[in-house]
Every structure is written in structure tokens, then in C-alpha cells.
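A.B. asks: In terms of full-length UniProt numbering, the sequence shown has 3 at position 3, counting the first letter as 1, and numbering is strictly consecutive.
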Amino acid sequence: MPSVPHGWYAVLRSRELRAGKVVALHYFGRALIAFRGADGRAAVRDAHCPHYGAHLGVGGKVVDGTVECPFHGWRFGTDGRCVEAPFAVRTPKVSIGGFPVREHSGLVFVYAGPGEPAWEVPEIEETGSRRFSSPVDDTCRARIHIQEMRENIVDESHFHYIHGQSEPPVQEWREDGPFAEARGTISRRVLGWDIHNTFDAFMYGPGVMVVRAHGPVLSVTAVALSTPVDDRTSELRMLYYLRKPARLPFLTPLLKLVFRAEALGEVREEVRIWDHKIHQARPVLLPHEKGIRALRRWYAQFYPGAESGGGAGAGAAAPLEEVGRGS
């Protein structure tokens, strides 16, 4: 599997990219920088100056909405073009590479792929809603391809061994071009109580998934951001937005503490497994394990050479299909 499927990826939370600052990043096997232009818009560019190779994120600074090289003072705009080179008779016609950028839902997204993006990640309502808490932010890295991080949501059997579900859940699958949805029900014991939750996992290309879980005790929206770091490592950043209790909003901090204790340990257990597993191109799947097959068929469109998935309305939506226990 190529290490960078074509699509949108979140590389920063908006709050992490302050005006006047240069942030050094490393994703897609590339050293990168992020900064804001004079208009406040975010830019994500390659990190190394084409003049003499200095890293613009190590000692570089933002000057009048451009990033200035710490070594010789060359400046580059948010479009990557050199706009100033001290002592040069003419400004060199060089630029630093970069990505199309979108910023919404408190996140900075970049598009990794050829040409201009043909589809967009929609705004995530909960990220700006007062009905939800500030997010529980959890980031980890694992030696695994991002596709297998995504396959986790449709791996029916692991819900028993990792998440305490008595039986593999029945799920439904729907896809429409670069978008897909998995729906199902999860039942588990929390602090001695049996809790039954429904969930809807909305997938926007290979790198962004929004899972909305609803239950009698707690409703959570999990924004799952999977991003390739290099050809061996992937990052999973989870932002959990808990719905505040309508009548007892002051209990929200307590709910967040309970959630951290119950949920984040399970994520760490999965990461330990991911770090040591291998990719099975032809896994030996049981009859009820249909989700991985469905997701792999859909996910294949994001690899170089695959036919384009098209826009949001491209093609007819596939019907809802059971991908859980069948007859």
C-alpha cells in the first residue's frame, strides 16, 4: 500500500498555529512548516529553503505575513514563492512546495494528492457547539498504515476482545464516492452497568472520520484523524467531544474524567497491537467479518493510479449493506 493515500489530512488544531509563529511539522515523509499569512490564513509548505537548505521552522520567523529564512533572510509567501532575497539584483523565481489548505472545525487540513481537490471535508458541527465540552485530545503514533487504523471501526470481532462487547456488532455500510458511513450498536459494561449505544461513523476520505455515539448516559462525538508520518509510522489524533448533560452541565468535568479512564486505555491497547502486527493482504476472515472487505474495496480509490472517487455527489450511493453477523 502506498504510504500516502490521496485525500485530506488534519495536521494541526487551529489553536496550535498562532499568528506570527512558524510551526515545524513532519508528515508524509516530509519536513514541513505551517504559518499564517498577513490575512490570517494558514499555509503549510515544505520546510527547507531552496537557497542553501536551511530549515525554515528552526529559527525562521514570520515577517509581514511571509516566512523568513534564519540563515540568509530569504522570504517566502503563503503560496510558496520567494518574495525577497537580500542582496539579489532580481528576486529569484523559486518557491517551496506545499499543499492546498482548508481551515474549519478548529482544524488545519491539507490535501495530499495530484492537482486540486475534487471534494471537501464538511464542517463538524460539534466542534463549535456550546452543547459539547471542549475536546479530550489524545494523540498516539504506531507502526501501522493509516488504512488499518481506519479498518478498526469495521473490525467486528475486536469489539469483544478490546471493548468488552459480548458479541460482534451488526453494522451497516454505505458509500458515496470519497465518503462512507458505518452504523451499528455497541453494548458494554461501564462501572458495573450495561450500556447500549448506537454509533454512526462518517468517513471523509482516508484521513478523517467522525464517529457519533449516542447512549442513555453519555453521547460522544469522536473526531478521528489518521495521518501518515512516513512510510513506517502513522499518527492517530482523537478529539472526543462529550455532550454536556442538559440539566447538570456542571457534571461535565467528571464525565470527562470517567471517559478518559474507560476509553483511552483501550486505545493504548490497540496501539500496542498495531505496533507489532503485520499487514495481511488476504486475511482469513470469518463469515460475519464483512466490514474489512467492504472498507478495503472503498478505500482502494485513494491510491495513486486508482480511478478518482469524484465529488460529493459523484455516482449513486451504494445501498445500506449489513457488514455484521449475517444469516
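Ideal placement from N, C-alpha and C gives every residue a C-beta, glycine not left out.
Computed from a prediction, not measured in an experiment: that's the story for all the values here.
Threshold first: 3 residues or longer. Then list the beta strand (DSSP E) segments lying entirely within the region 211-242, N to C.
C.D. replies: Scanning the region 211-242 from its first residue to its last, the whole beta strand (DSSP E) runs of 3-plus residues come out as 220-228, 234-242.
A.B. asks: Which residues bound the alpha helix (DSSP H) around Asp259?
C.D. replies: With the sequence shown as reference, residue 259 is identified as Phe, and Asp is not the correct amino acid for it. Note, Phe259: alpha helix (DSSP H), 252-259.
A.B. asks: Taking 8 angstroms as the threshold (C-beta atoms), are Trp8 and Val208 in contact?
C.D. replies: yes
A.B. asks: Spell out the partners DSSP gives Val101 in its beta bridges.
C.D. replies: DSSP output for Val101 lists Val110 as bridge partner(s).
A.B. asks: Is the Cβ-Cβ distance between Ser14 and Glu151 less than 8 angstroms?
C.D. replies: Not in contact: Ser14 and Glu151 (Cβ atoms no closer than 8 angstroms).
A.B. asks: If you compare alpha carbons, which of Ala24, Ala246, Pro283 is closest to Val58?
C.D. replies: Ala24
A.B. asks: Per DSSP, what kind of secondary structure is Leu264 in: helix, strand or coil?
C.D. replies: helix
A.B. asks: Could you name each continuous beta strand (DSSP E) segment of 3 residues or more that falls completely within the UniProt domain "Rieske" (8-110), going from the start of the chain to the end?
C.D. replies: 23-27, 30-36, 42-46, 61-63, 66-68, 82-84, 101-104
A.B. asks: For Leu286, I'd like the list of residues in its chain whose CB is within less than 8 angstroms of its CB, leaving aside the five on either flank, ordered along the chain.
C.D. replies: Ser157
A.B. asks: Do Ala182 and Leu107 have their CB atoms nearer than 8 angstroms?
C.D. replies: no
A.B. asks: Using the Cβ count rule (16 or more neighbours within 10 Å means buried), how would you classify Thr221?
C.D. replies: buried
A.B. asks: DSSP puts Ile186 in a beta bridge; with which residues?
C.D. replies: Asn197
A.B. asks: Does the separation of the CB atoms of Ser95 and Arg81 fall below 8 angstroms?
C.D. replies: yes
A.B. asks: Is the region 40-56 close to the region 16-30, with three or more CB pairs under 8 angstroms?
C.D. replies: yes
A.B. asks: Do you know whose CA, among Thr78, Pro283, Gly73, lies nearest Phe87's CA?
C.D. replies: Gly73
A.B. asks: Tell me whether Pro206 is buried or exposed, calling it buried when 16 or more other Cβ atoms sit within 10 Å of its Cβ.
C.D. replies: buried
A.B. asks: According to DSSP, is His6 part of a helix, a strand, or is it coil?
C.D. replies: Of the three classes helix, strand and coil, the one that applies to His6 here is coil, per DSSP.
A.B. asks: Considering only the beta carbon of each residue, do Ser226 and Leu239 sit closer than 8 angstroms?
C.D. replies: Not in contact: Ser226 and Leu239 (Cβ atoms no closer than 8 angstroms).
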